[in-house]
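Please read the structure below before turning to the comments.
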Amino acid sequence: MANVGEPTRNALTSPSTPLPSPSPPPPTPLRIINLETEISEEESRRQTNMNRAWVHLGFALMLCIIFVLLFCTASLFVKEMVGPDSLDNITKLREIYLQRERERRLGGRITLSPLEEVANARLLAVKQVDEEEHRLWQSYHNRPPPFLGHRNISDTDLYALLRSMPKGGLLHVHDSGILGTDLLIQMTQRDNLWVCVNLNQGFEDFRFSLLYPDILPSDDYQCSWMLMRDFYEHEPLAKFVARLKESLSVPQEGFATSRKLARHLKRSQRLIHGLITYKPLWSNFLFGMLQDLYQDGVQYVEMRSSLPILYDMEGSDYTILDSAEAMVTVSNLFQSTYKDFIGIKLIYAPSRDFNDSRMDSYVANAQLLKKHFPQLLAGFDLVSHGNECELPPLSRISQLSKLFKKVDFYFHAGDSRCQDNMQPDVNLIDAMLLGSKRIGNSLNVPLHSEVMRGLHFLNVAVEVCPLSNHYLEYVNDFRNHPAAYLIAAGFPIVIGSDYPYFWNAAPLTDDFYVAFVGMVGGNGNLRLLKQLAKNSLLHSALNGLEKTRAMDKWKCNWNRWIKNFLNSTQYLGRESEGKK
Numbered sequence: 044m045a046n047v048g049e050p051t052r053n054a055l056t057s058p059s060t061p062l063p064s065p066s067p068p069p070p071t072p073l074r075i076i077n078l079e080t081e082i083s084e085e086e087s088r089r090q091t092n093m094n095r096a097w098v099h100l101g102f103a104l105m106l107c108i109i110f111v112l113l114f115c116t117a118s119l120f121v122k123e124m125v126g127p128d129s130l131d132n133i134t135k136l137r138e139i140y141l142q143r144e145r146e147r148r149l150g151g152r153i154t155l156s157p158l159e160e161v162a163n164a165r166l167l168a169v170k171q172v173d174e175e176e177h178r179l180w181q182s183y184h185n186r187p188p189p190f191l192g193h194r195n196i197s198d199t200d201l202y203a204l205l206r207s208m209p210k211g212g213l214l215h216v217h218d219s220g221i222l223g224t225d226l227l228i229q230m231t232q233r234d235n236l237w238v239c240v241n242l243n244q245g246f247e248d249f250r251f252s253l254l255y256p257d258i259l260p261s262d263d264y265q266c267s268w269m270l271m272r273d274f275y276e277h278e279p280l281a282k283f284v285a286r287l288k289e290s291l292s293v294p295q296e297g298f299a300t301s302r303k304l305a306r307h308l309k310r311s312q313r314l315i316h317g318l319i320t321y322k323p324l325w326s327n328f329l330f331g332m333l334q335d336l337y338q339d340g341v342q343y344v345e346m347r348s349s350l351p352i353l354y355d356m357e358g359s360d361y362t363i364l365d366s367a368e369a370m371v372t373v374s375n376l377f378q379s380t381y382k383d384f385i386g387i388k389l390i391y392a393p394s395r396d397f398n399d400s401r402m403d404s405y406v407a408n409a410q411l412l413k414k415h416f417p418q419l420l421a422g423f424d425l426v427s428h429g430n431e432c433e434l435p436p437l438s439r440i441s442q443l444s445k446l447f448k449k450v451d452f453y454f455h456a457g458d459s460r461c462q463d464n465m466q467p468d469v470n471l472i473d474a475m476l477l478g479s480k481r482i483g484n485s486l487n488v489p490l491h492s493e494v495m496r497g498l499h500f501l502n503v504a505v506e507v508c509p510l511s512n513h514y515l516e517y518v519n520d521f522r523n524h525p526a527a528y529l530i531a532a533g534f535p536i537v538i539g540s541d542y543p544y545f546w547n548a549a550p551l552t553d554d555f556y557v558a559f560v561g562m563v564g565g566n567g568n569l570r571l572l573k574q575l576a577k578n579s580l581l582h583s584a585l586n587g588l589e590k591t592r593a594m595d596k597w598k599c600n601w602n603r604w605i606k607n608f609l610n611s612t613q614y615l616g617r618e619s620e621g622k623k
């Protein structure tokens, strides 16, 4: 009991009892939910990672098991096939490989109709009998280029058959190389034709004019103008005509080097342009060219041309648009006469010149043609005359940036053989990187595995001109032609002719012949010919709708050709002859 007068003490406030610290407030319900969610997400992530690890481990184990099984199976298979008592199995295995190679070759996956199968057998028989009778290819090897020419192959049955075959389009040909020498010589007999004669009495240029031509020679040649009729009057006709032919085409004795031949071709082009760009003759030239192509089984052409400026007798010059308009007019007229003819397009292809002012004018011309004749202009090219060795690479031409992605490119690239530099190889890579739709005359594609892979992936075809390569002495043995490998690998190629009339060849048949017989040899068949013809339209500059219509016209002619071939009595019995 407390004493009276003494203050009362509360037990809770007693100094001997410490005060408890305040407890934290309990978490709100929302915080509890969030904590539970975070824990759940963390566990889910941990479980997902574990599942992924198990999947990866299982996948790796599965690959190991598959590899072991394949290794064991392959070992057993090889042991079975190559065992001492299994030589017959080696024969079977070899046939499997050969069949795969046949399928991989260009045209190998084409399925022939029953009629085409019969035609294929007869075609191969004609090919075999021709070789046995004419023995051209056994005599050809190790002979100079002029040995193999139109006069050697045009008498064969196979040549006649290929000439009548619908070949689709001709995608690589130059305007100056597609007019017959005899027709050109007839043009030289017209009045008021002047010829520029050099110190060796050689011809450098032609010009129709009422007066003495006020035209100075170029820096790379010197000559004086004389009336052509003076030569006709003072020289024996046969001798003079022979001189003209030698100037306008490749002489039979050929040239010692490809560089000398290239210079000769450049001079021939200049002479021919002097004749055909006389305004009254330009349209005649174009129509005659289309007639020659059509008679050679060509239904479509993409002509490379610098589109030279037309002139008249008074010395007036016209514009590049006048030259283009004449092409359109002649093409329309020809199509109205020959309904199955598909048309003509222009690849504007001036000489490759790195003088900036010249290049500026080339680019301006291409832009002008694209604006006024978009349906005619297929694209742009630069012609090196087989002399890439001395020219800077395509990527050095800054003016091309003005045309990039506005005008399609169809560049010559990798078409020269250089002893001491890599210019053709650089040009080939540059052409691909610049987006060239096709590669012209390239011999070096098989030497570049990455370029081949890129071109194949992009479905960019290589334009192959076998006879041009032969006469320029880049390829003296067709069995070793780079395109033989491209065909074997199923690479997209098209057959062109470059300057066919320079070596007195037909517009396209001669090149088809040497490709079919010389380059592919015993592996050539109707499938290859059909694929080459189809490629010429599939890889053309035609748009989608135009290609569909063109393919329909070509198929109609192709089917008619197959029937005519099988109904012809000229080749009856060849199957049995070829099997002997």
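The numbering of the sequence shown is the numbering used here, which starts it at 44 and goes up by one.
All residues carry an ideal CB built from backbone N, CA and C; glycine is no exception.
- If you ignore the 5 residues before and after G497, its C-beta comes within less than 7 Å of the C-beta of M475, all in its own chain and listed in chain order.
- Fully contained in the region 400 to 475 are the following beta strand (DSSP E) runs of length 3 or more, in chain order: 420 to 423.
- Taking all protein chains shown into account, A103 has fewer than 16 neighbouring C-beta atoms within 10 Å of its C-beta and is therefore exposed.
- Here DSSP, grouped into helix, strand and coil, assigns D396 to coil.
- In the three-state scheme derived from DSSP, where H, G and I count as helix and E and B as strand, E357 is classed as coil.
- Taking C-beta separations shorter than 6 Å and ignoring five residues to either side along the sequence, the partners of Y354 in its chain run D360, following chain order.
- The C-alpha of V563 is placed about 12 Å away from the C-alpha of D520.
- Within the model, the alpha-carbon separation for G358 versus S252 is close to 7 Å.
- In terms of Cβ geometry, R306 and T552 do not form a close pair [threshold 8 Å].
- Secondary structure note for G497: its alpha helix (DSSP H) is the uninterrupted segment S492 to L501.
- If you draw a straight line from the Cα of N610 to the Cα of D458, it is about 42 Å long.
- Remark: C-beta atoms of V341 and I387 do not approach each other more closely than 8 Å.
- The beta-carbon distance between I536 and N586, rounded to whole angstroms, is 22 Å. This is too long to meet the 8 Å contact definition.
- Using a 10 angstroms sphere on the CB of K382, the tally of other CB atoms stays under 16, which defines it as exposed.
- Per DSSP, reduced to three states, the secondary structure at Y202 is helical.
- With contacts defined as CB atoms closer than 8 Å, P489 and L443 fail to qualify as a contacting pair.
- With the rule of 3 Cβ pairs closer than 8 Å, the region 501 to 511 does not count as touching the region 249 to 268.
- When rounded, the separation of the alpha-carbon atoms in K322 and E159 is 47 Å.
- Shown here, F246 sits in a strand according to DSSP, grouped into three states.
- Remark: three or more beta-carbon pairs, one from each stretch, lie closer than 8 Å, so the region 209 to 224 and the region 328 to 337 are flagged as touching.
- Contact between G533 and L149 holds: CB atoms are separated by about 5 Å, below the 8 Å threshold.
- Of the other Cβ atoms in all chains shown, 16 or more fall within 10 Å of the Cβ of S292; this residue is therefore buried.
- Counting only runs that start and end inside the region 294 to 360, the beta strand (DSSP E) elements of at least 3 residues fall at 341 to 348.
- Here P509 really is in contact with A558; their C-beta atoms are around 5 Å apart, less than 8 Å.
- Of the candidates Y514, N408 and I315, the residue whose Cα lies closest to the Cα of Q229 is I315.
- Residue burial is scored here from C-beta neighbours: L308 has at least 16 other C-beta atoms within 10 angstroms and is therefore classed as buried.
- Cα atoms of L287 and I352: separation of roughly 24 Å, rounded to the nearest angstrom.
- The Cβ atoms of I153 and R570 sit closer than 8 Å to each other.
- Linking F545 to G483 through their CA atoms gives a straight-line distance of about 18 Å.
- Burial is judged here by how many other beta carbons sit within 10 angstroms of a residue's own beta carbon; R165 has at least 16 and is buried.
- If you draw a straight line from the Cα of R145 to the Cα of C599, it comes to about 27 Å.
- Taking C-beta atoms under 8 Å as the contact rule, L201 and D173 qualify, at a distance of about 5 Å.
- A direct Cα-to-Cα measurement between L350 and C239 gives close to 22 Å.
- In the three-state scheme derived from DSSP, where H, G and I count as helix and E and B as strand, A584 is classed as coil.
- Within the same chain, and ignoring the five residues on either side of Y275 in sequence, the residues whose Cβ sits closer than 8 Å to its Cβ are Q232 and F283.
- A residue is called buried once 16 or more other Cβ atoms fall within 10 Å of its Cβ, and I363 is buried on that count.
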